[in-house]
Amino acid sequence: MPPRKRALDAAGDGEPLAKRRSSRQATAAATASAATAQHKAATASAKAVPTTTLAKKQQEKKKAASKDPAPATKPKGRVATKTKAKAKPRGKPKAEAEDGDEAAADTEEPEKPSASRGRDVTPDPDPASLPVQNPETVRHDGEWYWLMKAEPESRFEGGVDVRFSIDDLRACTKPEGWDGIRNYAARNNLRAMNAGDKAFFYHSNCKTPGIVGTMEIVREHSEDKSARRPGTPYYDPQSTRDKPRWSLVHVEFRRKFAVPILLPELRELGAAGGPLAQMQLIKQSRLSVSKVSGDEWRALCELADKKARDAGLEHEDA
């Protein structure tokens, strides 16, 4: 038979009877209660962590800002410096730096071309105003002979084309100053020249180097003023008005050979036992102004005449 239920007494003022539970229900209830308590503790902890972490980060930022406020603006300063450095070279053209023009201002605007970038700042004196003879020149008997080199093909030195051929000399309407010599041995040969001496015109540093004609020295040595003019091809800052280091002579065209005497022929004649064996051109091939003996001069002129006859041509004289 089913169990009887306990009831209140008739007066209704008795304590209610506790409901009976099984052991399984009691265990489930205890487990649920523990889980609820654990969830509440985790939620409270999660809410507290962001607040604490945020407070710590804000404190660290304040400390860093109070110690070094500069990093925020420093990169901008470095960028500005680099931009300025790139713009600076435009203020001084490359040609000026090479010419040693220290007076140029550091400006971003390009400068206008200076007159010093030509061959000379001021023209040389008129050759007619120069004396034919220089009292400092040692006099020698009779004609002496020389060989002088020039470059007939374009080559730029300091931004200036230094090309000069025998045709350029022939086109000159007045004596031409043989300037640009910057070797002491060659300069000393210039200073030894007397008016009336003859010289071979030698085409150098070209496809077919060799002797192409003759010229005459008509003005003895004087100062090569181009040496102390900034902007000229062979400017020398060591040469001054009081102590000039370099000289030039003035020459005139006399003859252009019908057929040049080329370098291989000269070397062949300069072999041991040949007529040019002692020629300074052969022994000191890099010298731009060299001596030529009387015998060497005559031998070469005879060879030039023979080459012209064999070719059926004639020399071109002044």
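Residue 110 is where the sequence shown starts when you use our numbering, and the numbers rise one by one after that.
Using N, Cα and C, we set each Cβ at its ideal position, and we do this for glycine too.
The model shown is predicted, which means the values in this text are computed figures rather than measured ones.
Starting from the C-beta of residue i, find all residues in its chain whose C-beta is less than 6 Å away, skip the five residues before and the five after it, and write them out in chain order.
i: Asn298; result: Val398
i: Met257; result: Ala308, Val398
i: Ala336; result: Asp345, Ser348, Trp355
i: Asp431; result: Here the chain has residues from 110 to 427 only, and residue 431 is not among them.
i: Pro318; result: His312, Leu372
i: Asp333; result: Asp288, Trp355, Ser356, Leu357
i: His359; result: Pro236, Pro284, Gly286, Val327, Arg328
Looking at the secondary structure, which residues open and close the beta strand (DSSP E) in which residue i lies?
i: Pro369; result: 356 to 371
i: Tyr293; result: Where Tyr293 is concerned, there is no enclosing beta strand (DSSP E), although the alpha helix (DSSP H) it sits in stretches over 293 to 301.
i: Gly319; result: 319 to 332
i: Trp255; result: 254 to 259
i: His249; result: No beta strand (DSSP E) holds His249; DSSP gives it neither H nor E.
i: Lys307; result: 307 to 312
At which residues does the alpha helix (DSSP H) containing residue i begin and terminate?
i: Arg418; result: 403 to 420
i: Leu396; result: From DSSP, Leu396 is part of no alpha helix (DSSP H); its letter is neither H nor E.
i: Ile275; result: 275 to 280
In angstroms with no decimal places, state the Cα-to-Cα distance between residue i and residue j.
i: Arg364; j: Glu262; result: 20 Å
i: Trp253; j: Arg338; result: 32 Å
i: Glu374; j: Asn292; result: 26 Å
i: Leu385; j: Tyr311; result: 16 Å
i: Gln389; j: Gly379; result: 10 Å
i: Val271; j: Cys281; result: 16 Å
i: Ile326; j: Asn303; result: 7 Å
i: Asp277; j: Pro284; result: 12 Å
i: Leu422; j: Ala367; result: 6 Å
i: Ala408; j: Asp351; result: 43 Å
i: Val401; j: Arg248; result: 17 Å
Is there a C-beta anywhere in chain C that falls below 8 Å from the one on residue i?
i: Glu374; result: Checking the listed chains, one finds no chain C in this structure; it contains a single protein chain.
Less than 7 Å between C-beta atoms, sequence neighbours within five positions excluded: which residues of the same chain meet that for residue i?
i: Arg296; result: Ile290, Trp355, Ser356
| query | If we count Cβ pairs, one from each stretch, closer than 8 Å, do we get three or more for the stretch 335 to 351 versus the stretch 264 to 282? | reply | yes
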